[in-house]
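Working notes for the structure below.
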Amino acid sequence: MDSKYNLVGGKSCPKFPTKKPATVVNFGSSTKKARLDQRPTEVTKLGPGTLLQQRKSLPVYGVRNRLISEIQKHSTVIIIGETGSGKTTQIPQFMHEVRLDKNGIIGITQPRRVAAITLSQRVSQEMNTDCGAIVGYTVRFEDVTSECTKLKYLTDGMLLREAMLDTLLMSYSIIVLDEAHERTVHTDVLFGIVKQAQALRDEKLLKPLKIVVMSATMDVDHFSDYFGSVPILYLEGRQHPIQVFHALHRQDDYVFSCLVTIFQIHQDAPANQDILVFLTGQEEIEAMARSIRLIVKDLDGKCPCLKVYPLYSSLPSHQQLDVFRPTPQGMRKVILSTNIAETSVTISGIKYVIDSGMVKVRTHHPGTGLDVLKVQRISQAQAWQRTGRAGRESSGFCYRVYTFQEFDAMLKNSIPEIQRCNLTNVVLQLLALEIDPLTFNFLDKPPKELVNGALQQLKQLGAIDTVEGTKLTEMGHQMALFPLDPRFSKILLSAKDYGCLEEILSIVALLSSESVFVIPPSKREKAVAAHTKFFSSSGDHITLLNIYRSFSAVTQKKQWCHENFLNMRNLQYASEVRSQLAELCQRCKMQMSSCNQNVDQVRKCLVTGLFMNIAELQRERQYLTVESRQIVAIHPSSVLYSLHPHCVLFTEVIQTGSCYLRQVSQVDPEWLRDIVPEYVQQHRLLTLVS
DNA sequence: ATTGGCGGA
1 MDSKYNLVGG KSCPKFPTKK PATVVNFGSS TKKARLDQRP TEVTKLGPGT LLQQRKSLPV
61 YGVRNRLISE IQKHSTVIII GETGSGKTTQ IPQFMHEVRL DKNGIIGITQ PRRVAAITLS
121 QRVSQEMNTD CGAIVGYTVR FEDVTSECTK LKYLTDGMLL REAMLDTLLM SYSIIVLDEA
181 HERTVHTDVL FGIVKQAQAL RDEKLLKPLK IVVMSATMDV DHFSDYFGSV PILYLEGRQH
241 PIQVFHALHR QDDYVFSCLV TIFQIHQDAP ANQDILVFLT GQEEIEAMAR SIRLIVKDLD
301 GKCPCLKVYP LYSSLPSHQQ LDVFRPTPQG MRKVILSTNI AETSVTISGI KYVIDSGMVK
361 VRTHHPGTGL DVLKVQRISQ AQAWQRTGRA GRESSGFCYR VYTFQEFDAM LKNSIPEIQR
421 CNLTNVVLQL LALEIDPLTF NFLDKPPKEL VNGALQQLKQ LGAIDTVEGT KLTEMGHQMA
481 LFPLDPRFSK ILLSAKDYGC LEEILSIVAL LSSESVFVIP PSKREKAVAA HTKFFSSSGD
541 HITLLNIYRS FSAVTQKKQW CHENFLNMRN LQYASEVRSQ LAELCQRCKM QMSSCNQNVD
601 QVRKCLVTGL FMNIAELQRE RQYLTVESRQ IVAIHPSSVL YSLHPHCVLF TEVIQTGSCY
661 LRQVSQVDPE WLRDIVPEYV QQHRLLTLVS
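Residue 556 in the UniProt record's numbering sits at position 556 of the first sequence, with consecutive numbering throughout.
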C-alpha cells in the first residue's frame, strides 16, 4: 500500500478471505499495525519517581540526543510520531533542557482547548512546577501564563490572534505546530504566517525563529516541500497490532452492514470487549441505537448483555461522560459515534472498530452563499485514524464495511477545511496583517472562487473599498478586532447607531454558541412547551434575546435551565463570549446602549450585516433568496416555521435534505431602502420594497 | 409539511 506506512509500523500481509456464512457481511483481512496520531496524554496522579520512569519509557526518550541535534542543526523540521511516542509532551522539554529556546518562548499549538490545557498540566507536573509558571497555557477566556513561562501550550486560534498584534511573533524563539495533519483552518493559516515570520526575521537580522511541525500523516513530503525540503524525523509509537478486515463484496447500505457486523462480532467475541462504530450523524445513530435495543431483546441469554451508547457533540455532557464508564463485568459496550471519536474524544478499552467509511462534510458554495452538509466517503488517512482507535490498550480488530477496492479508490488525505469553507473571516484577518489573500503562501491554496467570494462580501460590508484592493477601511480594521464572522462584527459595530448594543451583544453571543435548546426525544412535548414562552412572533433572534434576558436575570441558573429545557453549558459559554465582546466594544470606545422594549431596533440593526440574506415568500412555505435566487424553506427548528411571513432575514442557509434557512427573523422590506439603499438599487430590489 | 459532522477566536 503506502511505503511510508511500513516504515512506521509492522509488515503488511496479503489479505485472505475469512470463512463466514453467506448471510452475513463477509470480510477479508490484512494484518497491519495502524498508523496513528498523537493524543494528549491523560493527566494521571502519580508520584515524581514514577513520572520520571514513565517519561524514560517513552519511545521518544531513547532518541533524545539525535532529535536535539537535528532540531539544533535545522531551522525547520518535520516530526512524524505515532500515538504514545510522547512527542508533544517530551520534545518541548528536551528543547528547553538544552536551552534551544534561548531568550524566547517555545509555543506549542493545539487544535483544541482541552488538549492545550491538559498537556500543559501534564508537562508542568513532569517538570515539578506549578502550571502557569515555567509551563503554561493560553486558550480563549483563559491565560495561565506568567513572565517566566517558557513552554506555552496554546490553541492555534490563539496564536493567530497573537500574530495580529505582532506578525513577527517576536516573543517566540520556537513554534511547534502540533497535530498539523488535522489541517484546521487556523493551523493552515499559521503555516504561512510562521514561514513568513521566519523569513522576515532572518532578513531583518532579528533573532531566528525555529519551526517544528508535528504530524501523524503519511503525506509528509507535502509539509517538507512547503518549507523547502526540510528534514523529516520519524518516531516509533507504542501502538498495538490491529487486524484490518475489508468487506469482500460491495455493500449498498452501510448503516445496515454496520448493524449486521455489530452482531457478528457480538455473537463471537468474549464479554468486556467493546465495539466502536463510526457513523455520520445524530439521526442515523439514534435510529441504529433503537434497532440494536430491539434485536438485543430477542437474543436473551445467548450473548453477553449489550449496552448501547450514542456519541455525538450535541449530546448533553453527562450522556457523553457515560461512554467513559468502564464496562461492568460480563457485559459489552457498543458505542455509536460520529467522527467526534476520531480526534476529540478518546475511549479506552475498544477492541473492535467498525468503520462505515462515511462522514458528514460541510462545503461552502460562494456563488450561492449556500453551505451543503453532505454524507461522503472518508479518506484513507481518516480510515487509518479510525482503525487506530482499536489498538490503544491491546491488539484489536477493525472491520471496514467497504471493499479493499473501495478503500484504494479513496482520497489519500481529506480535503483540508480551508479549501471548502467560507473564507470571509480568514481573508479579513489576512488583510488586517497587510497580506494579500490572493498571493498568500498557503500550504494548499483555496479555490479562487472562495477567496473572491470572501472579498466580495467584505466589500459589501464596507470593510474594503474595492474588490481588487487589499486595504481595509476604518470599519474593516475595527471588524478584524472581533473574534466573529465579519457579518456579526458589522452588526455589533452598527449597534451604536440603533441604540441597542446590550441586545445585539446577547444575540451575537448566542449565535456564536451551539443551540441552547434541549429536546430529549422522550420529553419532546414538555420541552417544546417550556420553550414556547420565550418565542417571539418576530423570529428567532428576538427569541434568543428573550432567553438571554431571562437567563441573566435568574439566580438559580442551573435549576432554571433544567426546568426550561435549556442547555446551561451553552448559555454560560454565550455569557463568556458576551463579556469578551463587550470588553472589545469598550476598547473601541463604543457607548453601551439599550433599546429596552423597542426591539424593532434590534432587527433593523441585524439588517446592517445580513442584508444579503433576505428571502421572500413565493408560495406556501416556499421562499426565494433575493440575492442568489435559491428556492429555500424555513428550518423546522425556527419559531417562524409555521408562521411564514412575507419577508425574512436569515443568518445562514444550509442544504441538508432541502435548503433550509436557519435563525430567521421577519423584516419589513421598507427597512432595506433606509438601511442599505445602494444595495437595493444595485440588486433592483424595488419590486420587493414597493 | 417536519431537523443541526467536528472544532476554534
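C-beta atoms are modelled at their ideal positions from N, C-alpha and C, and glycine is treated no differently.
This one's a predicted model, so the numbers in the text were calculated from it and none came from an experiment.
Go ahead and label residue 152 buried or exposed: buried means 16 or more other beta carbons lie within 10 angstroms of its beta carbon, across all protein chains shown. Within the first sequence, numbered from 1, the residue matching residue 152 stands at position 152. Label assigned to residue 152: buried.
What's the call for residue 288, buried or exposed, on a 16-neighbour Cβ count within 10 Å? For this step, residue 288 is matched to residue 288 along the first sequence. It counts as buried.
For the beta strand (DSSP E) holding residue 81, just list the boundary residues, first then last. As a position in the first sequence, residue 81 is number 81, starting the count at 1. Counting along the chain, the unbroken beta strand (DSSP E) around residue 81 starts and ends at 76 to 81.
Taking the Cβ atom as the reference point for each residue, do residue 659 and residue 370 lie within a distance shorter than 8 Å? On the first sequence, position 659 is the one that residue 659 refers to. On the first sequence, position 370 is the one that residue 370 refers to. Yes. Within cutoff.
Tell me, to the nearest whole angstrom, how far the beta carbon of residue 78 is from that of residue 230; I am working on the premise that it is less than 8 Å. Position 78 of the first sequence, counted from the first residue, corresponds to residue 78. Position 230 of the first sequence, counted from the first residue, corresponds to residue 230. Right, the Cβ-Cβ distance comes to about 6 Å (below 8 Å), so this counts as a contact.
Runs of 3 residues minimum, wholly inside the segment 382 to 430: which ones carry the beta strand (DSSP E) assignment? 396 to 400
For residue 534 and residue 546, which I take to be in contact (beta-carbon distance under 8 Å), what is that distance rounded to the nearest angstrom? On the first sequence, position 534 is the one that residue 534 refers to. On the first sequence, position 546 is the one that residue 546 refers to. Right, the Cβ-Cβ distance comes to about 4 Å (below 8 Å), so this counts as a contact.
What number of angstroms, rounded off, separates the C-alpha of residue 391 from the C-alpha of residue 399? Mapped onto the first sequence, residue 391 falls at position 391. Mapped onto the first sequence, residue 399 falls at position 399. For residue 391 and residue 399, the distance between alpha carbons rounds to 13 Å.
I believe residue 609 touches residue 487 by the beta-carbon criterion, under 8 Å. Please report the beta-carbon distance rounded to the nearest angstrom. In the first sequence, counting from the first residue as 1, residue 609 sits at position 609. In the first sequence, counting from the first residue as 1, residue 487 sits at position 487. That belief holds up - the Cβ atoms of residue 609 and residue 487 are roughly 4 Å apart, short of 8 Å.
Judging by CA-CA distance, which residue of 126, 132, 137 and 128 is the nearest neighbour of residue 116? Position 116 of the first sequence, counted from the start, is the residue given in the question as residue 116. Ranking the options by Cα distance to residue 116, first place goes to 137.
Which residue wins for smallest C-alpha separation from residue 413, given the options 650, 676, 223 and 217? As a position in the first sequence, residue 413 is number 413, starting the count at 1. The shortest C-alpha separation from residue 413 is found at 217.
Assigned secondary structure, residue 641 (DSSP; H/G/I helix, E/B strand, else coil): Within the first sequence, residue 641 is the residue found at index 641, counting from 1. Looking at residue 641 - three-state DSSP - the assignment turns out to be coil, as it is neither helix nor strand.
What residue range is occupied by the uninterrupted beta strand (DSSP E) comprising residue 374? Translated into the one-based positions of the first sequence, residue 374 becomes position 374. Counting along the chain, the unbroken beta strand (DSSP E) around residue 374 starts and ends at 370 to 377.
Assuming residue 683 contacts residue 626 (C-beta within less than 8 Å), just tell me the rounded distance between them. In the first sequence, the residue the question calls residue 683 occupies position 683. In the first sequence, the residue the question calls residue 626 occupies position 626. So it is a contact: roughly 7 Å between Cβ atoms.
Which complete beta strand (DSSP E) runs does the segment 613 to 642 hold, if anything under 3 residues is left out? 614 to 619, 622 to 625 and 631 to 634
Straight-line Cα distance separating residue 405 from residue 189: To locate residue 189, count along the first sequence from 1; it is residue 189. To locate residue 405, count along the first sequence from 1; it is residue 405. So the two alpha carbons sit approximately 35 Å from each other.
Specify the secondary structure class of residue 231 as computed by DSSP and reduced to three states. To locate residue 231, count along the first sequence from 1; it is residue 231. Coil.
Chain-order list of residues whose beta-carbon lies under 6 Å from that of residue 64 (same chain, five-residue window excluded): Position 64 of the first sequence, counted from the first residue, corresponds to residue 64. If we look at residue 64 and ignore the five residues flanking it on each side, its Cβ neighbours are 94.
Where residue 167 falls: helix, strand or coil (DSSP): Mapped onto the first sequence, residue 167 falls at position 167. Here DSSP, grouped into helix, strand and coil, assigns residue 167 to coil.
Is the segment 517 to 534 touching the segment 492 to 505 in the sense that three or more CB pairs, one from each, lie closer than 8 Å? Result no; under three Cβ-Cβ pairs closer than 8 Å.
For residue 720, three-class secondary structure by DSSP: In the structure as shown, the chain starts at 1 and stops at 690, and residue 720 therefore has no counterpart that could be examined.
Name the two residues that bound the continuous alpha helix (DSSP H) containing residue 295. Sequence index remark: in the first sequence, residue 295 carries index 295 (1-based). Taken as a continuous stretch (DSSP letters only), the alpha helix (DSSP H) holding residue 295 covers 282 to 298.
Quick check on DSSP: helix, strand or coil for residue 679? Your numbering for residue 679 matches position 679 in the first sequence. Helix.
With a 10 Å radius around its C-beta and 16 neighbouring C-beta atoms as the bar for buried, classify residue 602 as buried or exposed. To locate residue 602, count along the first sequence from 1; it is residue 602. Buried is the call here.
Look up residue 246 in the DSSP assignment and give the residues it is bridged to. The residue labelled residue 246 in the question sits at position 246 within the first sequence. Answer is 28 and 400.
Which value, in whole angstroms, describes the spacing of the CA atoms of residue 509 and residue 574? Sequence index remark: in the first sequence, residue 509 carries index 509 (1-based). Sequence index remark: in the first sequence, residue 574 carries index 574 (1-based). Going by the C-alpha atoms only, they are around 5 Å apart.
Taking 8 Å as the threshold, find out whether the segment 639 to 649 comes into contact with the segment 657 to 672 through three or more Cβ pairs. yes
So if DSSP puts residue 274 in a beta bridge, which residue, or which two residues, is it bridged to? By one-based count along the first sequence, residue 274 stands at place 274. The partner list for residue 274 (beta bridge, DSSP) reads 350.
Which residues mark the beginning and the end of the alpha helix (DSSP H) in which residue 551 is found? As a working mapping, residue 551 is identified with position 551 in the first sequence. Its alpha helix (DSSP H) spans residues 540 to 553.
Is it buried or exposed, residue 186, if we count other Cβ atoms within 10 angstroms and call 16 or more buried? Your numbering for residue 186 matches position 186 in the first sequence. Residue 186 is buried by the Cβ-count criterion.
What separation, rounded to the nearest whole angstrom, lies between the Cα atoms of residue 280 and residue 337? Residue 280 sits at position 280 when you count from the first residue of the first sequence. Residue 337 sits at position 337 when you count from the first residue of the first sequence. Distance between the alpha carbons of residue 280 and residue 337: 8 Å.
Take the Cβ of residue 614 as the centre, count every other Cβ of all protein chains shown within 10 Å, and call the residue buried at 16 or more, exposed below. The residue you call residue 614 lines up with position 614 of the first sequence. Buried, since its Cβ has 16 or more Cβ neighbours within 10 Å.
Alpha carbon to alpha carbon, how far is residue 463 from residue 42? Give it in angstroms, no decimals. Locating residue 42 in the first sequence gives position 42, where the first residue counts as 1. Locating residue 463 in the first sequence gives position 463, where the first residue counts as 1. Residue placement at residue 42 is poorly supported in this model, since its pLDDT is 33, which falls under 50; the coordinates still yield a value, given next. The straight-line gap from Cα to Cα measures roughly 44 Å.
Residue environment, residue 454, which counts as buried when at least 16 other CB atoms sit within 10 Å: Along the first sequence, read from residue 1 onward, the residue named residue 454 stands at position 454. By the neighbour-count rule (16 or more Cβ atoms within 10 Å), residue 454 is buried.
Bridge-paired residues (DSSP) for residue 358: Within the first sequence, residue 358 is the residue found at index 358, counting from 1. Looking at the DSSP assignment, residue 358 forms a beta bridge with 377.
Jot down the residue ranges of each uninterrupted alpha helix (DSSP H) in the segment 419 to 483, minimum 4 residues, whole runs only, in chain order. For the segment 419 to 483, the full-length alpha helix (DSSP H) segments reaching 4 residues or more read 424 to 432, 448 to 460 and 474 to 480 along the chain.
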